[in-house]
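All remarks here apply to the structure that follows.
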Amino acid sequence: MGGKSRKSGGVSKKLIDRIKTGAYSTKEKGTTEIKTNEKKKKRHPSLFGLITEKGN
Amino acid sequence: MKKRKSDILHYLDLLQKKEIDPNFWVSYPYLNLAGVECFTTDNWTWIEENGTVLFPAIELNQSQKSYPFKSGWADFGNLKFPEGELTFLDYEYLYMPSNFLNMKGKRWTTFRKNSRKWPKRIGGKYCYESTSSNNNELESLLISWLENEKTGVIHDDEVLMKFIFESLPGVRRKSLTADGKLFGINIWDENYKYLNYRVCICDPNEPFLNEFCRLLFYTDPIILNSKKVVNDGGVLDRTGLEKFKDKLNPLRKRTVLSWSQE
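Chains as they are written, first to last, in the numbering used here: chain A, 42 to 97; chain B, -10 to 251.
Have a look at this one:
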């Protein structure tokens, strides 16, 4: 992230510990379900939980 | 001065109406994830975080009232704080995506050469798309990236984690994979004027992958078709990052200032 903190930044080691203990795993994540659109084309779920792609 | 809570969108609308040049922190997703608040009086509207006014307050009418605050965290390109003590906060880099299509000329030599090394090394077989495999891979990539952070300090870490792990309308992401492995992610959002390049995280063990991830971002048809200039934020007091961003030939490198009258 290219923006400065307004308070002291996080310590990377602590962040790693939080990730390893699953602190962020409880957040809403992408489903493993394969979705189909109206044309019945299969779309794999987004890694981040939202399919926001409009197409190029 | 009796203040009442207002919607962040109210502040953002005013910026657009008054054609105020927003800084890197100004977008609906960012301000929401940061948990800041918008307040208004009869004459002013502003953004506040735990009692600190973040950006220049916007005057609602021509009341000629004196500025109601004594400090502010980050100014805008064309809206400054009143006179007082100004201190350097960071730079802010603006890039024109279409400039990354050709990269012609001597000033592009370094980035042009470096950005082509990673795909060449892996034989050009990679995938850059908005879908990917699973969150375990994302966590592994992030841990690897954090382990290689030389300063050990991650700016705005709470918001960064939210951008990476939470879903929010208006936040877009693409991932770079090769041979089924996740190598990098790009995350961005936007305000009325700019695309804000929020996150570029890539495998630190892969030389020149950072350059390639950025090239993918800027030459993505979604980015190019938006016709918007990209705000890539600042350098976080890191000389290496400043040199790196300078080599990408910014359209503008603005100095962002904090202000205090106290």
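Quick reminder that beta carbons are idealized off the backbone N, C-alpha and C, glycines included. Note that the structure is predicted; figures quoted are calculated from it, not measured.
Cβ-Cβ distance between residue i and residue j below 8 angstroms
i                 : j                : result
L198 of chain B   : G173 of chain B  : yes
E81 of chain B    : G169 of chain B  : no
I212 of chain B   : L240 of chain B  : no
Y186 of chain B   : F201 of chain B  : no
E126 of chain B   : L171 of chain B  : yes
V25 of chain B    : E8 of chain B    : no
N12 of chain B    : I(-3) of chain B : no
L130 of chain B   : I190 of chain B  : yes
N32 of chain B    : S52 of chain B   : yes
P86 of chain B    : V219 of chain B  : yes
V142 of chain B   : V52 of chain A   : yes
R28 of chain B    : K54 of chain B   : What sits at residue 28 of chain B in the sequence shown is Phe, not Arg. In this structure, K54 of chain B does not lie closer than 8 angstroms to F28 of chain B by Cβ.
P108 of chain B   : K69 of chain B   : no
L3 of chain B     : I47 of chain B   : yes
H(-1) of chain B  : M42 of chain A   : no
M(-10) of chain B : P71 of chain B   : no
K(-8) of chain B  : T41 of chain B   : no
Separation of residue j from residue i, as counted between CA atoms
i               : j               : result
A64 of chain A  : S164 of chain B : 22 angstroms
D178 of chain B : P18 of chain B  : 7 angstroms
K236 of chain B : F89 of chain B  : 12 angstroms
S133 of chain B : Y117 of chain B : 20 angstroms
R83 of chain B  : I57 of chain A  : First, the amino acid is wrong: residue 83 of chain B is Leu here, not Arg. Near 31 angstroms, if we compare the C-alpha coordinates of I57 of chain A and L83 of chain B.
S46 of chain A  : K55 of chain A  : 16 angstroms
L43 of chain B  : E195 of chain B : 37 angstroms
T244 of chain B : W14 of chain B  : 14 angstroms
E74 of chain B  : Y181 of chain B : 30 angstroms
T76 of chain B  : W248 of chain B : 6 angstroms
D209 of chain B : A167 of chain B : 17 angstroms
N50 of chain B  : W35 of chain B  : 14 angstroms
N103 of chain B : K242 of chain B : 22 angstroms
Residue i, DSSP secondary structure in three states
i               : result
Y115 of chain B : coil
D2 of chain B   : helix
L49 of chain B  : coil
R101 of chain B : helix
A167 of chain B : strand
S53 of chain A  : helix
L68 of chain B  : coil
G173 of chain B : strand
T62 of chain A  : coil
D178 of chain B : strand
K151 of chain B : helix
G229 of chain B : helix
F201 of chain B : helix
Y56 of chain B  : coil
N185 of chain B : strand
K95 of chain B  : helix
E128 of chain B : helix
R110 of chain B : helix
S46 of chain A  : coil
D192 of chain B : coil
Residues that residue i contacts on chain A, provided the C-beta gap is smaller than 7 angstroms
i               : result
R105 of chain B : Going along chain A, no residue has its Cβ under 7 angstroms from R105 of chain B, so there is no contact; the nearest lies around 22 angstroms.
W14 of chain B  : G44
W62 of chain B  : R47
R187 of chain B : M42
L131 of chain B : I60
M150 of chain B : Y65
E138 of chain B : S53
I143 of chain B : G50, G51, S53 and L56
Contacts that residue i makes with chain A (C-beta to C-beta distance below 9 angstroms)
i               : result
D79 of chain B  : G43, G44 and K45
D221 of chain B : G43
E38 of chain B  : R47
Within chain A, partners of residue i - CB distance below 8 angstroms
i               : result
E147 of chain B : G51
The segment 91 to 104 of chain B touching the segment 142 to 154 of chain B, judged by at least three CB pairs closer than 8 angstroms: As far as the Cβ criterion goes, the segment 91 to 104 of chain B does not touch the segment 142 to 154 of chain B, which means the pair count is below three.
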